[in-house]
Amino acid sequence: MWRLLYTLALCAAAPFILLRLWWRGRREPGYRRRIGERFGFYMEAPPQRPGAPPIGQPVIWVHAVSVGEARASAALVRALATANPGAEVLVTCLTAAGRETLQELHGESVRIAWLPYDYPGSVRRFLEHFRPRLGVLMETEIWPNLLAACARHGVPALLANARMSEKSASGYLRWRALARPALASLAVVCAQSEADAARLRALGARRVEVTGNVKFDSMPDEAKRSAGRSWRARLARPVLLLASTRDGEEKLLLDAMPAWDGKLLVVVVPRHPSRFDEVSAFAQSRRSRDALPAANARIHLGDTMGEMDFYYAAADVAVIGGSFVPRGGQNLIEACAAGVPVVLGPSMFNFAEATHLALQAGAAIQAAGAPAAMREALALLSDPGRRIAMGEAGGRLCAAHRGATQKHLLLCEELLRAAAGAAVTVPARD
């Protein structure tokens with residue numbers, strides 16, 4: 077009953093969904109491409125790629141909704157492909173930036189498509205077209221109709237790198253009639269921490285394994301790191317990075333800066349590319365246009381995608397965005413892995429366990445707001461010894477918590493063996 081009402085609400089929203097795609101496509105043209113896929117209508121299989129398995133071989137499907145999930149899933153996608161050379165790996169997403177990131181990370185080695193919206197007919201067509209042997213959903217992608225269709229088609233679904241904050245759990249409790257059956261239909265949930273696992277079990281997940289955070293397994297791109305260090309050396313100025321900032325945070329943080337000392341360069345990298353032009357109003361130079369900012373430039377806009385390894389390598393201190401507005405923060409693990417001291421705002425509930433670990437290890441500082449964060453960041457810039465110690469602590473933290481990808485892989489392989497042995501009949505591919 078509740079899923080029917082949910083579906084009717086989605087159907088009523090369809091015109092607005094299409095309008096939103098068109099609207100977002102003004103700045104990000106990717107939203108206007110392959111719109112049929114959003115509703116489960118896929119083109120015929122593309123020409124066979126060199127070395128790819130023949131059409132009809134098992135498909136392993138990984139869903140990474142946007143940029144963060146795409147990067148987090150990269151090691152697992154590669155591990156699944158290596159462990160299953162006779163299968164094709166399909167990776168789906170929902171955002172244009174996420175699709176660009178997947179193409180940058182994997183090129184032609186995987187198939188990339190939009191995941192359809194959660195209409196019963198759309199998700200049925202998706203499953204009938206690709207016939208996945210296994211579905212891996214990153215983090216919090218819990219879609220009632222999709223998971224119900226997976227259960228009907230005999231496709232085991234694994235929720236990977238799952239997190240569930242207290243705030244999110246409260247929201248799911250309000251919609252428990254929808255959430256509980258969806259969570260119960262998951263074959264396995266791989267939780268980041270014991271706290272996440274407890275909340276997921278309370279919401280209805282049946283089998284929950286604590287596997288850690290796969291983001292600790294993400295290895296920096298050495299070419300981009302080298303380019304970032306070279307850029308910083310040529311610049312010969314201290315660099316403060318405002319990383320993955322969200323709407324309104326740039327002004328909060330920049331207004332908290334003292335008078336410019338004539339040396340410091342603040343590099344601002346917005347979380348979403350659609351905001352690059354908006355944030356350019358604060359900047360005197362930008363990465364896509366200027367090889368190096370001028371000597372009198374105070375603020376430099378990082379307006380390129382897929383270059384966080386470059387920006388972290390170029391930075392002396394990183395302030396993590398999404399944490400100064402009530403958004404739950406952004407990924408601080410990338411900065412720790414790069415050996416950069418981290419300053420956080422108060423809102424880090426989406427990365428609660430990683431934040432706790434980083435603070436405990438001495439790799440990060442958490443401030444009560446933007447003014448306090450900028451004071452902490454400037455104090456670090458003037459204290460090389462403390463910066464080095466925090467950076468080294470971040471590196472040790474990441475090294476100590478690697479291994480989640482292998483734990484995920486073992487559970488995926490278990491489900492794949494069970495699915496192969498069950499000999500479930502599914503509808504033929506389109």
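Its first residue numbered 77, the sequence shown is counted upward by one per residue in this note's numbering. Idealized CB from N, CA, C, for every residue including glycine. It should be emphasised that the depicted structure is a prediction, and the values quoted were computed from it without experimental measurement.
Compute every distance between the C-beta of residue i and the non-hydrogen atoms of the ligand ATP, then say whether any falls below 6 Å.
{"i": "V342", "result": "By its list of ligands, the structure shown contains no ligand whatsoever, and the ligand ATP lies outside what it can speak to."}
What are the start and end residues of the beta strand (DSSP E) that includes residue i?
{"i": "A263", "result": "That residue, A263, is in no beta strand (DSSP E); it is neither H nor E in DSSP."}
{"i": "I188", "result": "R187 to W190"}
{"i": "T168", "result": "E164 to C169"}
{"i": "P196", "result": "Where P196 is concerned, there is no enclosing beta strand (DSSP E), although the alpha helix (DSSP H) it sits in stretches over P196 to F206."}
{"i": "L341", "result": "L341 to P346"}
What residue does the alpha helix (DSSP H) around residue i start on, and which one ends it?
{"i": "P91", "result": "W78 to R100"}
{"i": "P220", "result": "P220 to R228"}
DSSP state of residue i, grouped into three classes?
{"i": "L317", "result": "strand"}
{"i": "Q442", "result": "strand"}
{"i": "W137", "result": "strand"}
{"i": "H477", "result": "coil"}
{"i": "W307", "result": "helix"}
{"i": "G174", "result": "helix"}
{"i": "A267", "result": "strand"}
{"i": "P123", "result": "Low local confidence applies: a pLDDT of 39 at P123 is under 50, so the model's placement there is unreliable, with the coordinate-based value given in what follows. Looking at P123 - three-state DSSP - the assignment turns out to be coil, as it is neither helix nor strand."}
{"i": "S246", "result": "helix"}
{"i": "M450", "result": "helix"}
{"i": "G398", "result": "coil"}
{"i": "N407", "result": "coil"}
{"i": "M72", "result": "The displayed coordinates of the chain run from 77 to 506. Any statement about residue 72 would go beyond what the structure contains."}
{"i": "L420", "result": "strand"}
With burial defined as no fewer than 16 other Cβ atoms inside 10 Å of the residue's Cβ, what is the status of residue i: buried or exposed?
{"i": "D331", "result": "exposed"}
{"i": "M119", "result": "exposed"}
{"i": "L39", "result": "No answer is possible for residue 39: it lies beyond the span of the chain, which begins at 77 and ends at 506."}
{"i": "E270", "result": "exposed"}
{"i": "T158", "result": "exposed"}
{"i": "L491", "result": "buried"}
{"i": "N221", "result": "buried"}
{"i": "K339", "result": "exposed"}
{"i": "G211", "result": "buried"}
{"i": "I464", "result": "exposed"}
{"i": "L81", "result": "exposed"}
{"i": "C519", "result": "Any property of residue 519 remains undetermined from this structure, which presents the chain solely from 77 to 506."}
{"i": "L486", "result": "exposed"}
{"i": "R403", "result": "buried"}
Using the C-alpha atoms, what's the distance from residue j back to residue i?
{"i": "V286", "j": "A274", "result": "10 Å"}
{"i": "M381", "j": "T177", "result": "8 Å"}
{"i": "F352", "j": "V343", "result": "13 Å"}
{"i": "I517", "j": "R451", "result": "Residue 517 cannot be examined here, being either before or after the span of the chain that is shown, 77 to 506."}
{"i": "Y195", "j": "C226", "result": "13 Å"}
{"i": "V153", "j": "M240", "result": "23 Å"}
{"i": "E145", "j": "I218", "result": "14 Å"}
{"i": "E242", "j": "Q268", "result": "14 Å"}
{"i": "S361", "j": "A373", "result": "7 Å"}
{"i": "G106", "j": "S356", "result": "22 Å"}
{"i": "S198", "j": "A90", "result": "12 Å"}
{"i": "T501", "j": "Q133", "result": "Residue placement at T501 is poorly supported in this model, since its pLDDT is 43, which falls under 50; the coordinates still yield a value, given next. Straight-line Cα distance between these residues: approximately 15 Å."}
{"i": "S294", "j": "A255", "result": "30 Å"}
{"i": "I93", "j": "R175", "result": "19 Å"}
{"i": "A260", "j": "G280", "result": "5 Å"}
{"i": "R209", "j": "A495", "result": "7 Å"}
{"i": "F202", "j": "H182", "result": "21 Å"}
{"i": "L333", "j": "S458", "result": "Before going further, note that residue 333 is Met rather than Leu in the sequence given. Computed Cα separation, rounded: 15 Å."}
{"i": "L262", "j": "A278", "result": "14 Å"}
{"i": "M466", "j": "P417", "result": "5 Å"}
Between the Cα of residue i and those of the options, spot the shortest distance and give me the residue it belongs to.
{"i": "E354", "options": "R103, R79, M77 and P91", "result": "R103"}
{"i": "A233", "options": "P417, R308, W98 and W137", "result": "W137"}
{"i": "L377", "options": "V290, G405, V401 and R347", "result": "R347"}
{"i": "H139", "options": "A150, T168 and V284", "result": "T168"}
{"i": "L166", "options": "A150, G470 and A440", "result": "A150"}
{"i": "E322", "options": "A309, R313 and P349", "result": "As written in the sequence, residue 322 is Arg, which differs from the Glu given in the question. Comparing Cα-Cα distances from R322 to each of A309, R313 and P349, the minimum goes to P349."}
{"i": "A172", "options": "G247, Q406, P422 and L191", "result": "L191"}
{"i": "A253", "options": "E164, M77, V401 and L433", "result": "M77"}
{"i": "E326", "options": "V401, E298, A391 and A263", "result": "V401"}
{"i": "P296", "options": "F206, M384, S246 and L454", "result": "M384"}
{"i": "G415", "options": "A469, A370 and V395", "result": "A469"}
{"i": "R316", "options": "L95, G461 and A449", "result": "It is worth fixing the name first, because residue 316 is Leu in this sequence and not Arg. Selected option, being the one with the closest Cα: A449."}
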